[in-house]
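**Q** Protein sequence lines correspond, in order, to chains A and B.
Residues in the first sequence are numbered consecutively from 0, following numbering that gives the first Met the number 0.
Residues in the second sequence are numbered consecutively from 0, following numbering that gives the first Met the number 0.
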Amino acid sequence: MAEVVLLDFWGSPFGMRARIALAEKGVKYEYKEEHLLTGKKTPLLLETNPVHKKIPVLIHNGKPISESLVIVQYIEDAWSDTAPLLPADPYGRSQARFWADFVDKKIYDQGKKIWANKAGEVQEAGKKELMESLKLLEGELGEKPFFGGETIGYVDVALVPFYTWFYSFETIGNFSIEAECPKLIEWVKRCLERESVSKSLVDPEKVYVDLILVLKKMYGYE
Amino acid sequence: MANELILLDTWVSPFGMRVRIALREKGIKFEYKEEDLTNKSDLLLKMNPIHKKIPVLIHNGKPVRESGIIVQYVDEVWHDKAPLLPSEPYPRAQARFWADFVDKKVFDAGRKVWVTKGEEQKSLMEEFIGHLKTLEAELGDEPYFGGEKMGYVDVTMVPIYSWFHAYEVSGNFSFESHCPKLVAWAKRCMQHDSVSKALPDPEKVYEYVLQLRKRLGIE
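#1: Which residues does DSSP pair with B:LYS213 in a beta bridge?
#2: So B:LEU83 and B:ALA136 are in contact, right, with Cβ under 8 Å, and what is the actual spacing, rounded?
#3: Tell me which residue opens and which closes the beta strand (DSSP E) that B:TYR31 is part of.
#4: Starting from B:ASP8, follow its DSSP beta bridges and name the residues at the other end.
#5: On the three-state DSSP scale, how would you describe A:ASP7?
#6: Report, in whole angstroms, the separation of the C-beta atoms of B:ARG54 and B:GLY15, which I expect to be a contact under 8 Å.
#7: Which same chain residues, not among the five before or five after B:VAL152, have their C-beta less than 6 Å away from its C-beta?
#8: Secondary structure at B:PHE163, three-state DSSP: helix, strand or coil?
#9: Could you tell me whether any Cβ in chain B is nearer than 9 Å to the Cβ of A:ARG92?
#10: On the CB-based measure, 16 or more other CB atoms within 10 Å of its CB, does A:GLY61 come out buried or exposed?
#11: List the residues of chain E whose Cβ lies closer than 9 Å to the Cβ of B:GLU119, in chain order.
#12: Closest to B:LYS51 by C-alpha separation, out of B:ASN59, B:ILE57, B:LYS61, B:SER40, would be which residue?
#13: What would DSSP say about B:LEU44, mapped onto helix, strand or coil?
#14: Could you check which residue in A:ASP80, A:GLY25, A:SER11, A:ARG92 has the C-alpha nearest to that of A:VAL56?
#15: Would you call the CB atoms of B:ARG187 and B:PRO158 closer than 9 Å?
#16: Quick one, which of A:LEU43, A:ARG92, A:ILE74, A:MET15 has its alpha-carbon nearest B:VAL76's?
#17: Should B:PRO88 be flagged as near chain A, meaning a C-beta pair shorter than 9 Å?
#18: According to DSSP, A:SER65 sits in a beta bridge with which residue or residues?
#19: Should A:ASN173 go down as buried or exposed, given a rule of 16 or more other Cβ atoms within 10 Å for buried?
#20: Would you check if the distance between the CB atom of A:LEU133 and the CB atom of A:GLU169 is smaller than 9 Å?
#21: Assuming A:VAL71 and A:ALA17 are in contact, meaning their beta carbons sit under 8 Å apart, how far apart are those beta carbons, in whole angstroms?
#22: Going along the chain, which residues of its own chain have a beta-carbon closer than 6 Å to the beta-carbon of B:ASP8, five neighbours each way excluded?
#23: Could you give the C-beta distance for A:LYS27 and A:VAL4, rounded to a whole number, given that I count them as a contact under 8 Å?
#24: Given a threshold of 16 other Cβ atoms within 10 Å of its Cβ, counted over all protein chains shown, does B:GLY129 qualify as buried or as exposed?
#25: Identify the continuous beta strand (DSSP E) that holds B:VAL55 and give its terminal residues.
#26: Near B:MET124, what residues of its chain come up, given a Cβ to Cβ distance below 6 Å and the 5 sequence neighbours on each side ignored?
#27: Using a Cβ-Cβ cutoff of less than 8 Å, which residues in the same chain neighbour B:GLY60 once the five nearest sequence positions on both sides are dropped?
#28: Any idea what DSSP makes of A:TYR30, helix, strand or coil?
#29: Judging by CA-CA distance, which residue of A:GLY14, A:GLY25, A:ALA1, A:TRP98 is the nearest neighbour of B:ASN47?
#30: Under 8 Å, CB to CB, which of the residues in the segment 141-159 of chain A have a partner in chain B?
#31: Using alpha carbons as the reference points, say which of B:ARG212, B:TYR205, B:GLY117, B:ILE5 lies closest to B:PRO62.
#32: In terms of DSSP beta bridges, what is B:ARG64 paired with?
#33: In angstroms, rounded to a whole number, what distance separates the CA positions of B:ASP102 and A:GLU66?
#34: Kindly indicate if chain B contains any beta-carbon less than 9 Å away from that of A:ARG96.
#35: Just checking my contact of A:GLU128 with A:GLN109 at CB under 8 Å: how many whole Å lie between their CB atoms?
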């Protein structure tokens, strides 16, 4: 087995976080695709993440780490001499962790209310909640180029992958995220100028056609 | 500037207990402020406008929020006293993973038990016990999740022990019969002042739960 292996799924924003962090640190790794849409999980996944049976899983010298933000913090600790993602001071670190935790608590679930439902009350609630969350994040960004300040940091890594699902939210929910959060979209474009991000994120239209619409059919969310 | 620490908290919150234990383990003095969550103080709303929740640790006027994040902050600022997270990257990642498991699975299932009844409650109780068994397996034969000493996962998990009595009376069972090693671990932690001082009287927790369920119209 290669020294660093990432078990992942092409469309997962959580997997993208790990990809970006590894790229930022210049770490070479072997990417292994879990074909989640087939409904089958590989023995390697079940063995390395028996508790949650989910991707991403980072395997470093044979030792597995699970949960995307735990993985990103591990990458930060294990390759601490390059491209720090967290600030050096404890207070700055606590704030970065707070906002990454905010992204974790809100964005996926609120987005799911939009894509996994037909037009109606639940979908409308999802749109409203998502826009509130994104506006709060936009406020936290303020005038900084990135959440991490002059360069991308922990919060940027935690949030930017969800951009790949925005097109799906907007198309299914019939609304525009850019119209209400233009500064956030500008921030996304700035992030995409970095190779670590542009190479880790997938095409939003591909997410819509090959993932979201497929999931909707699979689970009967139509 | 002198270190001024204020903890906004409530006596029954397992999340608040985590912070109290961490601060006491490190021998750090702090001012405890009890919040009435039905009538939140201006200070709480100002210091945590996004979630409006306790605990909040205010250090020299600056707020730190979310219990796990607060404990990590305390561990980093007072890193020379009673370290809670391991120093090596891989064991640190494992500690963070298991603390996340406690939050996502154990505490979440445990909380839902109180707002349900009948078959739904029974099935959530089974789920809760299942998660405790997973933790028990992870503990193995070590005295603490942190190894020889209490660490981040111990601090994250032990507060729920103050709620065990309430679960046992309501569900008419005993945790000891399902996960004896975990109960032994909790009692071991309770021998530490930092833990025994932070955890409330289990009878009081049980009374609180009965009143909560009455207020929510469940009983």
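No residue lacks a Cβ here, since even glycine has one placed at the ideal position from N, Cα and C.
It should be emphasised that the depicted structure is a prediction, and the values quoted were computed from it without experimental measurement.
**A** With the structure as the only source:
#1: In the second sequence, the residue the question calls residue 213 of chain B occupies position 214. DSSP lists no partner for B:LYS213.
#2: What you label residue 83 of chain B is simply residue 84 of the second sequence in a count that begins at 1. What you label residue 136 of chain B is simply residue 137 of the second sequence in a count that begins at 1. With a Cβ gap of about 22 Å, B:LEU83 and B:ALA136 do not count as contacting.
#3: What you label residue 31 of chain B is simply residue 32 of the second sequence in a count that begins at 1. Start and end: 30-33.
#4: Position 9 of the second sequence, counted from the first residue, corresponds to residue 8 of chain B. Its beta-bridge partners are B:GLU33.
#5: Position 8 of the first sequence, counted from the start, is the residue given in the question as residue 7 of chain A. Strand, per DSSP.
#6: Position 55 of the second sequence, counting from 1, holds the residue named residue 54 of chain B. Position 16 of the second sequence, counting from 1, holds the residue named residue 15 of chain B. Looking at the sequence itself, residue 54 of chain B is Pro, so the reference to Arg does not match. Rounded, the Cβ-Cβ distance is 4 Å, consistent with contact.
#7: Position 153 of the second sequence, counted from the first residue, corresponds to residue 152 of chain B. Here the set comprises ALA94, TRP97, ALA98, PHE144.
#8: The sequence position of residue 163 of chain B within the second sequence is 164, counting from 1. Helix, per DSSP.
#9: Residue 92 of chain A sits at position 93 when you count from the first residue of the first sequence. Chain B, which has a Cβ nearer than 9 Å to the Cβ of A:ARG92, makes this yes.
#10: Residue numbering aside, residue 61 of chain A sits at position 62 when the first sequence is read from its first letter. Exposed, by the Cβ-count rule.
#11: Absence of chain E from the displayed structure is noted, the protein chains being A and B.
#12: Residue mapping note: residue 51 of chain B aligns to position 52 of the second sequence, counting from 1. Of the listed residues, the one whose Cα sits closest to B:LYS51 is B:SER40.
#13: Along the second sequence, one-based indexing puts residue 44 of chain B at 45. The answer is helix: DSSP assigns B:LEU44 an H, G or I state.
#14: Position 57 of the first sequence, counted from the start, is the residue given in the question as residue 56 of chain A. With distances taken between Cα atoms, A:VAL56 lies closest to A:SER11.
#15: By one-based count along the second sequence, residue 187 of chain B stands at place 188. By one-based count along the second sequence, residue 158 of chain B stands at place 159. Against a cut-off of 9 Å, the Cβ pair of B:PRO158 and B:ARG187 comes out as no contact.
#16: One-based indexing of the second sequence puts residue 76 of chain B at position 77. The residue with the shortest Cα to Cα distance from B:VAL76 is A:ARG92.
#17: By 1-based counting over the second sequence, the position of residue 88 of chain B is 89. Closer than 9 Å to some Cβ of chain A, the Cβ of B:PRO88 qualifies, so yes.
#18: Along the first sequence, one-based indexing puts residue 65 of chain A at 66. Note: A:SER65 sits in a beta bridge opposite A:VAL56.
#19: Mapped onto the first sequence, residue 173 of chain A falls at position 174. Exposed: under 16 other Cβ atoms inside 10 Å.
#20: Taking the first residue of the first sequence as 1, we reach residue 133 of chain A at position 134. Taking the first residue of the first sequence as 1, we reach residue 169 of chain A at position 170. No, the pair does not count as a contact, with Cβ atoms beyond the cut-off.
#21: Sequence index remark: in the first sequence, residue 71 of chain A carries index 72 (1-based). Sequence index remark: in the first sequence, residue 17 of chain A carries index 18 (1-based). Correct: roughly 7 Å between the Cβ atoms.
#22: Here residue 8 of chain B refers to the residue found at position 9 of the second sequence. So the list reads GLY15, ILE53, PRO54, once near-sequence residues are dropped.
#23: Residue 27 of chain A sits at position 28 when you count from the first residue of the first sequence. Residue 4 of chain A sits at position 5 when you count from the first residue of the first sequence. With a Cβ gap of about 11 Å, A:LYS27 and A:VAL4 do not count as contacting.
#24: Here residue 129 of chain B corresponds to residue number 130 of the second sequence, with the count starting at 1. With fewer than 16 Cβ atoms within 10 Å of its Cβ, B:GLY129 is classed as exposed.
#25: The count along the second sequence starts at 1 and reaches residue 55 of chain B at position 56. Segment 55-58, the beta strand (DSSP E) holding B:VAL55.
#26: Taking the second sequence and counting its residues from 1, one reaches residue 124 of chain B at position 125. Cβ neighbours of B:MET124 beyond the five flanking positions: VAL112, GLY170.
#27: Residue 60 of chain B sits at position 61 when you count from the first residue of the second sequence. Result list for B:GLY60: GLU3, in chain order.
#28: Along the first sequence, one-based indexing puts residue 30 of chain A at 31. In this structure, A:TYR30 counts as strand in the three-state DSSP scheme.
#29: Against the second sequence, residue 47 of chain B aligns to sequence position 48. Comparing Cα positions, the closest option is A:TRP98.
#30: none
#31: To locate residue 62 of chain B, count along the second sequence from 1; it is residue 63. Distance check between B:PRO62 and each of B:ARG212, B:TYR205, B:GLY117, B:ILE5 places B:ILE5 closest, using alpha-carbon atoms only.
#32: Start at 1 with the first residue of the second sequence, and residue 64 of chain B comes out as number 65. Under DSSP, B:ARG64 shares a beta bridge with B:VAL55.
#33: The residue given as residue 102 of chain B occupies position 103 in the second sequence. The residue given as residue 66 of chain A occupies position 67 in the first sequence. So the alpha carbons of these two residues sit roughly 13 Å apart.
#34: Counting from 1 along the first sequence, the entry for residue 96 of chain A is found at position 97. Taking Cβ atoms only, chain B reaches closer than 9 Å to A:ARG96, which makes this a yes.
#35: As a first step, residue 128 of chain A must be located in the first sequence, where it is residue number 129. As a first step, residue 109 of chain A must be located in the first sequence, where it is residue number 110. Indeed, because the Cβ distance is near 4 Å, the residues count as touching under 8 Å.
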